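J.: FYI, my numbering numbers position 267 of the sequence shown as 274, with every residue one higher than the one before it. No residue lacks a Cβ here, since even glycine has one placed at the ideal position from N, Cα and C. Predicted, not measured: the structure shown is a model, and the values here were computed from it. Before I ask anything, here is the structure I am working with.
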Amino acid sequence: MQVHKFGGASIKDAAAVQNLAKIVMGFPKKEVLIVVSAMGKITNALEQVVNSYTSQNDQAAQELTTIKLWHLNIIEELDISDRVLLDQVNDVCIEAEWLLEDEPQDDYDYIYDQIVAIGELLSSLIVHHYLSRKGAVTTWIDARDVVKCDDRYREGQVDLDKTSEICAQDLMPRMQTSLIVTQGFIGGTSENNSITLGREGSDYSAALFAYGLDASILTVWKDVPGIMTCDPALFEDATLIPQISYQEALEMTYYGAKVIHPKTIKPLHTKGIILRVRSFQDWASRGTEVANFEDLTYPRIKVLRSNLVAIKITTRDYSFVVEDHLKEIFSLLVQHQIKLALMKNLAVSFTMVVQTDAERVLSLRQALSNSFDVGEQIDVDLLTLRHYEEQDLRAVWAENNVLLEERSPSTAQFVIGHS
8 MQVHKFGGAS IKDAAAVQNL AKIVMGFPKK EVLIVVSAMG KITNALEQVV NSYTSQNDQA
68 AQELTTIKLW HLNIIEELDI SDRVLLDQVN DVCIEAEWLL EDEPQDDYDY IYDQIVAIGE
128 LLSSLIVHHY LSRKGAVTTW IDARDVVKCD DRYREGQVDL DKTSEICAQD LMPRMQTSLI
188 VTQGFIGGTS ENNSITLGRE GSDYSAALFA YGLDASILTV WKDVPGIMTC DPALFEDATL
248 IPQISYQEAL EMTYYGAKVI HPKTIKPLHT KGIILRVRSF QDWASRGTEV ANFEDLTYPR
308 IKVLRSNLVA IKITTRDYSF VVEDHLKEIF SLLVQHQIKL ALMKNLAVSF TMVVQTDAER
368 VLSLRQALSN SFDVGEQIDV DLLTLRHYEE QDLRAVWAEN NVLLEERSPS TAQFVIGHS
């Protein structure tokens, strides 16, 4: 049993879908499930639809139409334009079109998930029909019927037992006679609403399917050779790491490495499922294998996260920051669904670096201001070094405006400002 996940870059246009098909045609004819993301930058475009709709700037309907026409153009280029597929595309888009006809009344996160989920549904239909056109026996599955979540929109919490039960009872029998094509990033609630699993969550989806199917291997196809020592788009000294343990991969994703979604590793580790990260541009390369390796030696690993916000919280009466203060702070973080990237506790202040989400951060600051003095610095970077040497640390201080440093024997983190 194998699961393969293809991200947006691997299906960004008609030529990319054709390349995917060449890869897939080399797979076994059964016991294979294919998970796809939205095509190219479609998720970003759908997010713009959400923002236009919720801000009532009258552009949302036209933006959605543009996205629909873009997919129809891909369908024409792939020569798979038939009534069945065109009806399916219309069915996917129609509920969002109806939603946009009314004034926005629902919660932003709910609206986001109902609209943004369209991207994966459209891409998976296109991939399914193109593979069928090329001679593969495929079955299209709606992930919302399999990946069952609570109603925490934009950050759906998965019912792993229920999802695994559906995988075993529904998917496994179908996989004996055909390839399965489904979506990443999305799931369904008990009320049959669309829900997303967090930005870039398709890797996590693939891991959930692998877990539920007791797969032996999950292969994630990327536009890089595998897991690298740093992002090759940002650093010239990036090199491939051929083997990496679950633990090290988990550390890298925790600190912000983008090659794998942070939640991907846990379900794989639980069942000992091997993760392979390979390049869809270089099929001959084996890429990186993530498994239960021990006693591996790693080179220095760099992870850079940009466009973060540093928030400094200070007690008003110069009392020490103690457990009650921290309880209030963390309760507000949970309430506003904001994730910490780094924190540092000093005598009368608490500094935290968080992901940028303008609406949520503003709401958090207002809530914190009821009890504390609150300051912020926007657009900061967080540089993490794993397996560093002292000379690496000196170089960071010499070359950057370091605002804050946190260090352990294996990991050093630097908050870097730009002003």
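1) Specify whether the region 169–184 and the region 123–134 touch according to this definition: at least 3 beta carbon pairs, one from each stretch, less than 8 Å apart.
2) Select from Arg283, Asp120 and His136 the residue whose C-alpha is nearest the C-alpha of glutamate 83.
3) Can you give me the C-alpha to C-alpha distance between phenylalanine 440 and aspartate 238, rounded to a whole angstrom?
4) Starting from the Cα of methionine 359, find the closest Cα among Phe327, Glu330 and Thr321 and give me that residue.
5) Enumerated in chain order, which unbroken segments of the beta strand (DSSP E) with a length of 3 residues or greater are wholly contained in the region 334–358?
6) With DSSP as the reference, identify every bridge partner of lysine 319, one or two as the case may be.
7) Quick one: Cα of serine 252 to Cα of alanine 45, how far?
8) Considering only DSSP beta bridges, list what histidine 78 is partnered with.
9) What residue from Ala28, Asp210 and His332 has the CA that sits closest to isoleucine 267's CA?
10) Between histidine 394 and proline 306, which are expected to be in contact by the criterion C-beta below 8 Å, what is the C-beta distance as a whole number of angstroms?
11) Taking the alpha helix (DSSP H) that arginine 283 belongs to, which residues open and close that run?
12) Can you give me the Cβ contacts of alanine 143 inside the same chain, cut-off strictly under 7 Å, excluding the 5 residues immediately before and after it?
13) Do threonine 246 and methionine 259 have their beta-carbon atoms positioned less than 9 Å apart in this structure?
14) Which whole-angstrom value describes the C-beta separation of glutamine 420 and leucine 371, a residue pair presumed to lie in contact below a C-beta threshold of 8 Å?
15) According to the Cβ coordinates, are glycine 205 and valine 284 closer than 9 Å?
16) Is it the case that the Cβ atoms of methionine 179 and leucine 225 are separated by a distance below 9 Å?
17) Rounded to whole angstroms, how far is the Cβ of glutamine 121 from the Cβ of serine 201, which I believe are closer than 8 Å?
18) Which residues mark the beginning and the end of the alpha helix (DSSP H) in which histidine 425 is found?
19) Assuming leucine 347 contacts leucine 339 under a Cβ cut-off of 8 Å, what Cβ separation, rounded to an integer in Å, is found between them?
20) From Asn199, Gln164, Ala124 and Thr146, pick the residue whose C-alpha is nearest to that of valine 188; which is it?
21) Using only the alpha-carbon positions, how far apart do valine 57 and serine 139 sit?
22) Are the beta-carbon atoms belonging to serine 212 and glutamine 190 less than 9 Å from one another?
T.: Considering the structure as presented:
1) no
2) His136
3) Residue 440 is absent from the structure shown; the chain starts at 8 and stops at 426.
4) Thr321
5) 347–352
6) Thr358 and Gly382
7) 29 Å
8) DSSP, once it has assigned bridges, lists no residue as partnering histidine 78.
9) Asp210
10) 7 Å
11) Unbroken run through arginine 283 is the beta strand (DSSP E), 281–286; no alpha helix (DSSP H).
12) Val31, Met32 and Leu186
13) no
14) Wrong, their Cβ atoms sit about 21 Å apart, outside the cutoff.
15) no
16) no
17) 5 Å
18) First-last for histidine 425: undefined, no H or E at that position.
19) Rounded, the Cβ-Cβ distance is 12 Å, inconsistent with contact.
20) Thr146
21) 33 Å
22) yes
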